[in-house]
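Read through the structure below, which is laid out as structure tokens, and then see the notes.
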Ligand code: GLN
Ligand code: ZN
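Numbering (this note's numbering), first residue to last: 60 to 819.
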């Protein structure tokens, strides 16, 4: 029998039950024991789903209240000093305070940094590391949850993030040092966890070391050898899991590590199968990740079976089949979708269906040739064929427009210096102009109205009017606050990508296709299934309405092509670049329509540019070239005196600053407040010529920034960037916040801008 398993399973629940429970707990509507009970109910259900699909192992330890990296920081006792108060009595709240600055109990404090997990849209809480740090087994969640699964009769395979990956993703605070110095002590705790797990009936533990697919410095790669030597002694078999790419030059080291099994991602890097097979020592198990954990398409089972033949012959029982990576990155269950178009639905597979696919492959590899298996293979063949020929997927007129893209379309009329002068004359903004990133609180009332509209209990006109009222009120508030460049607040948008996708052709939407983004926040990525075009304007009437409500400048608000692409499930039958160009052409028309309707400042958000970066540096230039070109294609149709903004969050810019500059946005707003303006160094060194709005208000935390705090951030910024090129704004959109805190924070922000205008 070829063993089947998945690398990890989504934790949020079919209907985002985890989100609902955690948020209720934060609000004080659910007590801790009720939250705990909901957690075990979800875990149990997810194990059952895996088992029912026919998995030989179910993953344990992949559950998290907030984030899996944070779980490991808790496990290791890597809890920054400022949270130490109260950990003894309330580990759960300590986690929440680390993640979001506050919890039902314990002191509110600055939250830890959060950043994207590899090239996904999942965010983890960054471990804080300091010189001389020691570790001790603090949270036993993985051990307890494994026991929980076993008690319920499941065949548990605990999953851990490996010590090297945890350490690599951590960030040094204070005095600089070599992080590898911490490894010795760190491994002791991992060893304790393994020996505890070994005392149960656990046979295999999966240890994830996805950093092995990165360009890893030699000392880090070498460290694997000694770390796994030490961990190997614990009477438990280790399946070392790698994913999101191929091992490349790390292959020799990795196949020879003293572990019993190795998992590789054959979706991202199919070419590595043969080299692994050649080099894998005879006693080792190979787990092949052949079902895409990052996308929602049904797999071509026959193709995979063919691909795996040599592995089957060589490895026999020692071949395992799996998802390429954790299924955390795909929605839970396709069968919940009742409104999806039947044809398109037949093309899709979510986590549950992917487990089915894994199990079917496992059985086929074991020689099962029953009617049932043959029918499933025939179904998969039919899907592959229908996608290839469907007219809904392939549109000639779109392909023609993409072929006609020329460099001229990617160029503004004049260079930035000329545009800047014209824009200053026209817009007449003060020094340190203040603005926001676009969204204002999505209140319960807004969501209620949208809910009614979706359920058809509210007519279109009534819905539009209620959103207009929201917009009016939001504009009034901004006028009272004294902001300089206003926004309409995005009340009418459920989500910055979905809103556009719904109005474009080539997209399809799910009802329950949620994927965790960070903590309790989930996103429901649209699915790009075919060629994209814009049948009509998407935002113009809203922006025009908003501009009519005020004499101040109203900023038009769009999501950029790269971000729409990155935050959707892309096609797997054309290169991403092709879909991106189609999107850019659609948005270009929207931009020029906005301009013609009198909108003078237009923001094209591209928060996802960086996360779209390939994991290996050698692949960056190709991606960045088309990504930047697509942005320029979308932005360059306007006159010189129309000001184009872009916005990015969570970004580090050091290594891509030349490309950011090449985007040539007149103004860029970025996330900086959590990283203390460090991000600006890259702009300073590069002598970035255009205007910048470094965020001065961390919108991920409910804490209101004090004036002094904002002021010192701006002063720091002004040491790096000439003050006349600085804007003042929050880190990101405010839709997840509440009005009272937003008003308080923005009052402080505007007040500081005024004070500083007098000083500079
Ligand atoms: N304009 C969007 C908003 O304010 C930008 C969000 C983002 O960058 N993620 O919500
Ligand atoms: Zn943002």
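Ideal placement from N, C-alpha and C gives every residue a C-beta, glycine not left out.
Residues bridged to residue 217 [DSSP beta-bridge criterion]: Within the chain shown, residue 217 is the residue found at index 158, counting from 1. As computed with DSSP, residue 217 is found in a beta bridge with 119.
C-alpha distance - residue 385 paired with residue 434, whole-angstrom precision: On the chain shown, position 326 is the one that residue 385 refers to. On the chain shown, position 375 is the one that residue 434 refers to. Each residue's Cα considered, the two are about 27 angstroms apart.
Rounded separation between residue 291 and residue 135 - CA only: For the purposes of this step, residue 291 is identified with residue 232 of the chain shown, where counting begins at 1. For the purposes of this step, residue 135 is identified with residue 76 of the chain shown, where counting begins at 1. Across the structure, residue 291 and residue 135 are spaced so that their CA atoms are roughly 19 angstroms apart.
Beta-carbon separation (whole angstroms), residue 389 vs residue 352, contact threshold 8 angstroms: Start at 1 with the first residue of the chain shown, and residue 389 comes out as number 330. Start at 1 with the first residue of the chain shown, and residue 352 comes out as number 293. Residue 352 and residue 389 do touch by the CB rule: their CB atoms are close to 6 angstroms apart, below 8 angstroms.
Residue interval of the alpha helix (DSSP H) (run including residue 369): Residue numbering aside, residue 369 sits at position 310 when the chain shown is read from its first letter. Residues 360–374.
Cβ neighbour criterion (16 or more within 10 Å) applied to residue 819: Along the chain shown, read from residue 1 onward, the residue named residue 819 stands at position 760. It counts as exposed.
Between the CA atoms of residue 491 and residue 515 - distance to the nearest angstrom: Here the question's residue 515 lines up with position 456 in the chain shown. Here the question's residue 491 lines up with position 432 in the chain shown. In this structure, the CA atom of residue 515 is about 45 angstroms from the CA atom of residue 491.
Alpha-carbon to alpha-carbon, residue 407 and residue 583: What you label residue 583 is simply residue 524 of the chain shown in a count that begins at 1. What you label residue 407 is simply residue 348 of the chain shown in a count that begins at 1. The straight-line gap from Cα to Cα measures roughly 15 angstroms.
Ranges of the beta strand (DSSP E) found wholly within the region 259–294, counting only runs of at least 3: Every unbroken stretch of the beta strand (DSSP E) spanning 3 or more residues and falling wholly within the region 259–294 is given here in chain order: 263–267.
Span of the alpha helix (DSSP H) around residue 296: As a working mapping, residue 296 is identified with position 237 in the chain shown. Note, residue 296: premise wrong, no alpha helix (DSSP H); beta strand (DSSP E) at 296–300.
Presumed contact (8 angstroms Cβ cut-off) between residue 808 and residue 776, rounded CB distance: Sequence index remark: in the chain shown, residue 808 carries index 749 (1-based). Sequence index remark: in the chain shown, residue 776 carries index 717 (1-based). Actually they are not in contact, since the Cβ atoms of residue 808 and residue 776 sit about 13 angstroms apart, beyond 8 angstroms.
Range covered by the alpha helix (DSSP H) that runs through residue 629: Walking along the chain shown from the start, residue 629 turns up at place 570. Taken as a continuous stretch (DSSP letters only), residue 629 belongs to no alpha helix (DSSP H), as it is neither H nor E.
Of the listed residues 734, 668 and 677, nearest to residue 720 (C-alpha basis): If you number the chain shown from 1, residue 720 lands on position 661. Of 734, 668 and 677, the smallest CA-CA separation from residue 720 is found for 668.
Own chain residues within Cβ distance below 6 angstroms of residue 60, not counting five before or after: What you label residue 60 is simply residue 1 of the chain shown in a count that begins at 1. Excluding positions up to five away in sequence, the list reads 425.
Residue range of the unbroken beta strand (DSSP E) whose run includes residue 614: Your numbering for residue 614 matches position 555 in the chain shown. Per DSSP, the continuous beta strand (DSSP E) segment holding residue 614 begins and ends at 612–618.
For residue 581: DSSP bridge partner residues: One-based indexing of the chain shown puts residue 581 at position 522. Bridge partners of residue 581: 575.
Nearest to residue 306 (by Cα), restricted to the options 338, 297, 296 and 295: Residue mapping note: residue 306 aligns to position 247 of the chain shown, counting from 1. For residue 306, the closest C-alpha among the options 338, 297, 296 and 295 is that of 338.
Continuous beta strand (DSSP E) stretch holding residue 76: start and end: Counting from one through the chain shown, the residue named residue 76 turns up at place 17. Per DSSP, residue 76 is not a residue of any beta strand (DSSP E); the alpha helix (DSSP H) it occupies stretches across 76–86.
Contact under 9 angstroms by Cβ, residue 457 with residue 592: In the chain shown, counting from the first residue as 1, residue 457 sits at position 398. In the chain shown, counting from the first residue as 1, residue 592 sits at position 533. The answer is yes: Cβ separation under 9 angstroms.
Own chain, CB closer than 6 angstroms to residue 82, minus 5 neighbours either side, in chain order: By 1-based counting over the chain shown, the position of residue 82 is 23. Taking C-beta separations shorter than 6 angstroms and ignoring five residues to either side along the sequence, the partners of residue 82 in its chain run 579, following chain order.
Unbroken stretches of the beta strand (DSSP E), 3 residues or longer, contained in the region 728–781: Scanning the region 728–781 for uninterrupted beta strand (DSSP E) segments of 3 residues or longer gives 750–753, listed from N- to C-terminal end.
Nearest residue (CA-CA) to residue 191, options 244, 213 and 610: The count along the chain shown starts at 1 and reaches residue 191 at position 132. It is 244 whose Cα lies nearest to the Cα of residue 191.
First through last residue of the alpha helix (DSSP H) which encompasses residue 232: In the chain shown, counting from the first residue as 1, residue 232 sits at position 173. Per DSSP, residue 232 belongs to no alpha helix (DSSP H) and is neither H nor E.
Exercise answer, beta-carbon shell around the ligand ZN heavy atoms below 5 angstroms: A distance filter of 5 angstroms between CB atoms and the heavy atoms of the ligand ZN selects the following residues in sequence order: 666, 708 and 791.
Under 9 angstroms between C-beta atoms of residue 660 and residue 701: As a first step, residue 660 is located in the chain shown; it is residue number 601 there, counting from the start. As a first step, residue 701 is located in the chain shown; it is residue number 642 there, counting from the start. The answer is yes: Cβ separation under 9 angstroms.
Rounded separation between residue 207 and residue 365 - CA only: Start at 1 with the first residue of the chain shown, and residue 207 comes out as number 148. Start at 1 with the first residue of the chain shown, and residue 365 comes out as number 306. CA-to-CA, the gap between residue 207 and residue 365 works out to about 38 angstroms.
Exposed unless 16 or more other CB atoms sit within 10 angstroms - verdict on residue 26: What the structure shows of the chain is the stretch from 60 to 819, and residue 26 is not part of that stretch, so it cannot be assessed.
Buried/exposed call for residue 533, threshold 16 Cβ in 10 Å: Residue 533 sits at position 474 when you count from the first residue of the chain shown. Under this definition residue 533 is a buried residue.
Alpha-carbon to alpha-carbon, residue 350 and residue 820: Residue 820 is absent from the structure shown; the chain starts at 60 and stops at 819.
Residues near residue 209 by beta carbon distance below 7 angstroms, same chain, minus five either side: Locating residue 209 in the chain shown gives position 150, counting from the first residue. Excluding sequence neighbours, residue 209 sits near 215, 259 and 260.
Residue 383 burial status per 10 Å Cβ neighbour count (16 or more: buried): Here residue 383 refers to the residue found at position 324 of the chain shown. The C-beta of residue 383 has 16 or more other C-beta atoms within 10 Å across all chains shown, which makes the residue buried.
Which of helix, strand or coil DSSP assigns to residue 65: Position 6 of the chain shown, counted from the start, is the residue given in the question as residue 65. Residue state for residue 65 is assigned as coil, using DSSP reduced to three classes.
Inter-residue Cα distance where the pair is residue 393 and residue 311: Taking the chain shown and counting its residues from 1, one reaches residue 393 at position 334. Taking the chain shown and counting its residues from 1, one reaches residue 311 at position 252. Each residue's alpha carbon lies about 39 angstroms from the other.
heavy atom of the ligand GLN below 8 angstroms from residue 182 C-beta: Counted from its first residue, the chain shown places residue 182 at position 123. Every heavy atom of the ligand GLN is 8 angstroms or more from the Cβ of residue 182, so no.
Distance, residue 657 Cα to residue 480 Cα: Along the chain shown, one-based indexing puts residue 480 at 421. Along the chain shown, one-based indexing puts residue 657 at 598. Their backbone Cα atoms lie some 19 angstroms apart in a straight line.
Beta-ladder partner(s) of residue 344, from DSSP: Position 285 of the chain shown, counting from 1, holds the residue named residue 344. Residue 344 pairs with 320.
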